[in-house]
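Number of protein chains: 2
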Amino acid sequence: MSATIKDVAQRAEVSVATVSRVLNNLPGYSEDTKQKVMQAIKELGYQPNAIARGLINKRTQTIGVLFPNVSSSFSSEILHGVEEEAHKHNYSVIVCNTAEDGKRTMKYLQVLREKQVDGIIFSSGVLKEDYYKAMQTMGTPVVLVATKSDYDQVPYVKVDDYQASYDAADYLIRQGHRRVAMIGGSWLDPIAGRPRIEGFRQALKDHGVETRDDLILDGGFSFEGGVAATERLLASVSDVTAVFAAGDEMAIGAISAASRLGISVPEQLSVIGFDNLKLAEMSNPPLTTVSQPLQEMGRLASRKLIAMMESGAPADSEIVPHELIKRRTVCPPS
Amino acid sequence: MSATIKDVAQRAEVSVATVSRVLNNLPGYSEDTKQKVMQAIKELGYQPNAIARGLINKRTQTIGVLFPNVSSSFSSEILHGVEEEAHKHNYSVIVCNTAEDGKRTMKYLQVLREKQVDGIIFSSGVLKEDYYKAMQTMGTPVVLVATKSDYDQVPYVKVDDYQASYDAADYLIRQGHRRVAMIGGSWLDPIAGRPRIEGFRQALKDHGVETRDDLILDGGFSFEGGVAATERLLASVSDVTAVFAAGDEMAIGAISAASRLGISVPEQLSVIGFDNLKLAEMSNPPLTTVSQPLQEMGRLASRKLIAMMESGAPADSEIVPHELIKRRTVCPPS
DNA sequence: CTGAAAGCGCTTACAG
DNA sequence: CTGAAAGCGCTTACAG
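Chains as they are written, first to last, in the working numbering: chain A, 21 to 354; chain B, 21 to 354.
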């Protein structure tokens, strides 16, 4: 097997304590012995065993990240940011795909505990009480990303969903649209569902535009859902000139559905999305959307978590700015 | 802090050895003491420390996965499969974003070694000699996914790139196209570059279709590259009726470029992609493409790696089947 | 400046 | 069936 600290101590003719000291840049040895030790390390190709180190330090230099779906563009952008920042600070990241249901989350929380991770980033929708309790008993710092919770001990980093949604609707109305629909999430979803619907409604209200319940559909945040909702919408309401989809995939679905129905975007129907995933710019035509800085949010969450882990102090939540990205799917109604 | 095995031993009035036995389902205790131990575990909310366990077992139940870009659809699909299978077998996965250059890879290999991972999945393009050597000295099992190497000790799971490419071109020609272009990778890329170009060429040849070097462009596997290559192509050659893009993002780029030039897909230009990423079905029109079962490849790689780790035996490489997915971007030339 | 020793939380022969 | 002890590869007082 690989060389251990004992082997280098032997070879350098010093004690393991001394080797440990030079390894950790602690004071307490002559330049001479340092050289001997370095030499031995090099000759043996010695690498410290982080496991042994972790056992004694009670720090593993690893964090766990929970996602409902690792392969979604949304999650993987966040993951990218998380990983990047973690790596910069010498932390590794364990990815956990919680799937939709909760069981998997609890299971994962347990393995993260057994593996003694130093911190957790949670992006899996709602932070249920069970999860929160488990995290409490673990005593591990947690930060939420793209979500928030009722527990204000746990900091989050997210966009202002209400305002972002308001801005999207506001933009549509300022372009002249008066009959605008929304394809969103569930009213029961306290993060990406309700707040966005409320922001949408408020914008219409502030502009004196009629808001109708049949103009707000649930697209379940999927492409297929966006397609289906758009078909339903276009079948029942004839004078819609614009739709706000509270997720880019749903927006792309809306464009597909429209195009299949021979309705041209944006000439006959304006579409605005939400997220600004990579696919938004690849869309045909390129999708106008409200951007969430996903990668940056991941980075921020990582940084915040690391600060908590290293200082032991609680951290503040952070609302990151969203931005309207104007591309080619919105124009004034004809 | 959390309870340790000592705490439960005390509470159950047995030795830690006994607790360890029931924890690991080893034989050697009465039903009675088992109950006492279980009870104590429950009361204390005890969870074993995987770090301590790993130190002694020399197994951490974690694997490392290296990707050049975690947030690409391509990588995240693979990651999803890897994670799923790993989790099923009680392994955790550490993600490593190697970025384009090699330095990051070596750095990561080092941390994976220090963290004593049980195995490595490598998806970062070419397995350079440095990487291979480092892996050798680690003595850790490795499997390659969506790539291969000259070292035949290290198994891979991938598609037959040559044949997949051949099939794409063959399909185009059978549809009646006689002037077909390819937007691929670099000839110097031994995995996704050259073999696909060769497969393409051979298909044309076998059908007696003229192959011209100016009809084979490098799109660098990006959307932008696909756009640019298509613009170059369409500016210089007027009679192309079909293009094979060796990556879906490039294919989508081709569609965008064509649409911007007022060329309709597929009526005036057929486009076929490669990969079958999620965005292929979201494309407008939906993209015809050659599918690589990315998630399944991830799962297979994971399974193969776990088999190697647990048996100590080498594993065989595996070529997984590709499939032509016919959607709406290819039709006979008019 | 340096080393012997205890200890992190476990597992595993060994002995009874 | 059960426990005392050694040991995994480190770090960290403590003593000199």
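Backbone N, C-alpha and C fix where the C-beta goes; we use that ideal spot for every residue, glycine too.
Counting the other CB atoms within 10 Å of its CB gives N296/B a total of 16 or more, which places it among the buried residues. The count of Cβ pairs closer than 8 Å, one atom from the stretch 205 to 225 of chain A and one from the stretch 249 to 262 of chain A, stays below three, leaving the stretches out of contact.
Per DSSP, Y171/B is not a residue of any beta strand (DSSP E), being assigned neither H nor E. Take F87/B, set aside five residues on each side of it, and the residues of its chain with a beta-carbon closer than 8 Å to its own are S95, I98, L99, V115, C116, N117, T118, S143, S144, in chain order.
Ranked by how close their Cα comes to the Cα of S337/A, the residues M328/A, I345/A, L344/A have M328/A in first place. Along the stretch 287 to 311 of chain B, the positions whose C-beta sits under 9 Å from a C-beta of chain A are K298, L299, E301, M302, S303, N304, P305, P306, read in chain order. Look at L344/A here: in three-state DSSP terms it is strand.
In the structure shown, the three-state DSSP call for I211/B is coil. Cα atoms of S279/B and P161/A: separation of roughly 50 Å, rounded to the nearest angstrom. Residue-level contact check: F243/B touches chain A, since one or more beta carbons of chain A fall below 8 Å from its beta carbon. The secondary-structure analysis by DSSP pairs D295/A across a beta bridge with S311/A. Secondary structure of E338/B (DSSP, three-state): strand. Neighbours of G282/B in chain A, taken as residues whose beta carbon is under 9 Å from its own, are absent, since the nearest beta carbon is some 13 Å off.
In the three-state reduction of the DSSP assignment, D238/A falls in the strand class.
Taking 8 Å as the CB threshold, L320/B stays off the interface with chain A. Look at the beta carbons and you see the stretch 163 to 173 of chain A touching the stretch 315 to 331 of chain A: at least three pairs across the two are nearer than 8 Å. One thing to note: A262/B has its Cβ no nearer than 8 Å to the Cβ of A274/B. Around the beta-carbon of P341/B, fewer than 16 other beta-carbon atoms lie within 10 Å, marking it exposed. Annotation for L147/A: no alpha helix (DSSP H) segment contains it, and DSSP assigns it neither H nor E. Our two residues, N45/B and L75/B, have alpha carbons roughly 20 Å apart in a direct line. Taking a beta-carbon distance threshold of 8 Å, N69/B counts as an interface residue toward chain A. Inclusion of V90/B and E103/A in the CB contact set at 8 Å is warranted, their separation being smaller than that value. With 16 or more other Cβ atoms inside 10 Å of its own Cβ, A335/A counts as buried. In terms of beta-carbon proximity, N117/B lines the interface with chain A, with at least one pair separated by less than 8 Å.
In this structure, L307/A places its C-beta atom within 8 Å of the C-beta atom of I272/A. At a cut-off of 8 Å between beta carbons, T38/B makes no contact with chain A. Against chain A, the beta carbon of G267/B has no neighbour under 8 Å; the closest one sits roughly 12 Å away. Within the stretch 23 to 34 of chain B, not one residue has a Cβ closer than 9 Å to any Cβ of chain A. Flagged as an interface residue toward chain B: E103/A, by a C-beta distance shorter than 8 Å. Within the same chain, Cβ atoms closer than 6 Å to the Cβ of A277/A are found at V247, T250, E251, the five residues on either side in sequence being excluded. In chain order, N304, P305 make up the part of chain B whose C-beta sits under 9 Å from the C-beta of S279/A. Taking 8 Å as the cut-off, the Cβ atoms of M270/B and S242/B count as close.
Annotation: Q156/B to M58/A spans about 23 Å, alpha carbon to alpha carbon. Under the three-pair Cβ rule at 8 Å, the stretch 183 to 199 of chain A does not count as touching the stretch 125 to 140 of chain A. If you draw a straight line from the Cα of K153/B to the Cα of A37/B, it is about 40 Å long.
Judged by their CB atoms, S354/B and E105/B are not nearer to each other than the 8 Å cut-off.
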